[in-house]
Ligand SMILES: [Zn+2]
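Residue numbers (my numbering): 5 to 123.
Shown next, in the form of structure tokens:
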């Protein structure tokens, strides 16, 4: 097969049945994109959460490291001395399940992640 025949056979593929495979690949890509995208986002968030969760101390360790944060009104923020905390659940990424790691407690005033709990 010479180069002219090769080019004409590629041309025949594109204008013949080949265009259907291009359409099918295009539609399948469009259909799978949200799923693939959400997997990628879940994986990256899971990795970020996992790293953050690993880096944080638990409450007794936090109070041990920052004795000034111990108060009668509960633990205080090491950054701004606030007692107003919030928390959110952290999950590790898994392909079938996303196992629960625990909760990250953060300061509502300065948004610093402070310590973790297991439940
Ligand atoms: Zn704070």
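Think of the CB as a built atom: it goes at the ideal place given N, C-alpha and C, for glycine as much as any other residue. Small disclaimer: the values here were computed from a predicted structure and weren't measured.
- Residue 94 sits in a strand when the DSSP states are folded into three classes.
- Looking at 74, 116, 100 and 41, the one whose alpha-carbon comes closest to that of residue 91 is 116.
- Taking 6 Å as the cut-off, one finds no heavy atom of ligand 1 near enough to the beta carbon of residue 69.
- Counting of Cβ neighbours within 10 angstroms places residue 53 among the buried residues, the total reaching 16 or more.
- Per DSSP, the unbroken beta strand (DSSP E) holding residue 121 starts and ends at 117-121.
- DSSP, reduced to helix, strand and coil, places residue 14 within a helical segment of the structure shown.
- The beta carbon of residue 108 sits closer than 7 Å to the beta carbons of 56, 57, 60, 91, 92, 94, 117 and 120 from its chain, once the five residues preceding and following it are set aside; these are given in chain order.
- Between residue 110 and residue 50, the CB-CB gap reaches or exceeds 7 Å.
- Residue 43 and residue 13 have their C-alpha atoms spaced approximately 39 Å apart.
- At least one heavy atom of ligand 1 sits closer than 6 Å to the Cβ of residue 84.
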